[in-house]
Amino acid sequence: MPSNRPPFIDLAWFKMAQPQATRINCSVQHSCEVFEYDSLRWICTADGAVQSMLFTEDHSYPVLHYIKALLCSLVFVDKPGKMLNLGLGSGAIERYLESHHPEIAVTSIEPEVEMITLSKECFYLDSSYPVRNQSAESFLHDNQQQFDLIICDIHCPPEQPNPIETMTFLQNLTNALLPQGVVAINFLAESESHIIDMLVRLRQIFEQVTLIDVLRQQNIVFYCSNNPFPEPSELNLKAALPVYGNIQAETIISQLIWLPE
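Position 80, counted from 1, in the sequence shown is what this note's numbering calls 99; the numbers after and before it change by one each time, with no gaps.
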């Protein structure tokens, strides 16, 4: 593979890579396992889901396409100063921002202490990086701050309901946004009707909603705000700036699905 970019990661790649991958030993006992193959390292959960991925030749590079899509929320807000990340994973969001946007103050929330340990031990998140060991629901319930950007990427086991589908959680999200703020939500869609149901909930809470169907994956990323979005032409121009090159913003923003008012 080219040394500066990993390949596109999809199900076919995993079927090829998983049997050849090396298991990485970590100090924590966890239901997740860490694997490495051909300059890529990832977390595989007990239910077979890939929760996060690292490019070992550039730790700041966001490998998974839905992570790039979540980071494209940066394009919607001029000079964001504060970001809330609900769901640390392996720290892909944090590593990217520390490298490319160190001016943004990030509050990181992760309910599983083992994931925090994994991110620092196996995925090169700085050992001194502060992460609040708390659920997203608990944090938002008690939160008094407001943010320019909120990224919401909560992994739940298949049998467990995801809080992002509740009106209380969504209302707490909008309460945590500054007036010009934008929230990006990663949504694992089970069916087209599941997407529509989620969209209806979002439009009851937020004045503005747009989305992208992440290429060749089930992930839908919703972008929501209570402030008018910039015009598509303005977003496309901004997305083409070199600072957004590593998140492929120009491609992703051009694929947004704009909904009628």
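Built from N, CA and C at the ideal position, the CB exists for glycine as well.
Got a sec? Which residues, its chain only, sit under 8 Å from residue i by beta carbon, not counting five neighbours each side?
i, result
"residue 206", "183, 214, 217, 238, 239, 240, 241"
"residue 41", "54, 55, 56"
"residue 68", "174"
"residue 255", "269, 272, 273"
"residue 89", "112, 170, 172, 203, 205, 240"
"residue 188", "155, 156, 159, 182"
"residue 94", "254, 257, 258, 263, 268, 272"
Around the Cβ of residue i, are there at least 16 other Cβ atoms within 10 angstroms (buried) or fewer (exposed)?
i, result
"residue 1", "Only positions 20 to 280 of the chain appear in the structure, and residue 1 is not among them; the question remains open."
"residue 180", "exposed"
"residue 192", "buried"
"residue 276", "exposed"
"residue 172", "buried"
"residue 25", "buried"
"residue 12", "An answer regarding residue 12 cannot be provided, because it is not within the stretch 20 to 280 covered by the chain."
"residue 108", "buried"
"residue 104", "buried"
"residue 157", "exposed"
"residue 106", "buried"
"residue 113", "buried"
"residue 20", "Any reading at residue 20 needs caution, since the residue's pLDDT is 39, under 50, leaving its predicted position unreliable; the model's value is listed next. Residue 20 is exposed by the Cβ-count criterion."
"residue 92", "buried"
"residue 264", "exposed"
Considering just the uninterrupted stretch of the alpha helix (DSSP H) at residue i, what are its terminal residues?
i, result
"residue 143", "Counting along the chain, residue 143 falls outside any alpha helix (DSSP H), and DSSP gives it neither H nor E."
"residue 188", "186-194"
"residue 33", "30-36"
By Cβ distance, which residues of its chain are closer than 6 Å to residue i, with the 5 residues on each side in sequence left out?
i, result
"residue 262", "none"
"residue 154", "130"
"residue 244", "201, 227"
"residue 199", "246"
"residue 118", "79"
"residue 229", "242, 275, 277"
"residue 64", "51, 70"
"residue 146", "139"
Once the 5 residues before and after residue i are set aside, which same chain residues still bring their CB inside 7 Å of it?
i, result
"residue 43", "53, 54, 55, 60, 141"
"residue 45", "53, 137, 140, 141"
"residue 39", "56"
"residue 74", "25, 58, 59, 80, 82"
"residue 267", "87"
"residue 47", "133, 136, 137"
"residue 176", "66"
Which residues bound the beta strand (DSSP E) around residue i?
i, result
"residue 54", "52-56"
"residue 275", "Counting along the chain, residue 275 falls outside any beta strand (DSSP E), and DSSP gives it neither H nor E."
"residue 42", "41-43"
"residue 60", "59-63"
- Item | Whole runs of the beta strand (DSSP E) within the stretch 103-174, excluding any shorter than 3 residues | 124-129, 166-171
- Item | Contiguous alpha helix (DSSP H) assignments of at least 4 residues, all confined to the stretch 198-269 | 211-224, 251-258
- Pairing CB atoms from the stretch 100-108 with CB atoms from the stretch 117-126, are three or more of them under 8 Å? yes
- Message: Report the start-end ranges of each alpha helix (DSSP H) in the stretch 67-103 that is 4 residues or longer and not cut off at the edges.
- Response: 84-90
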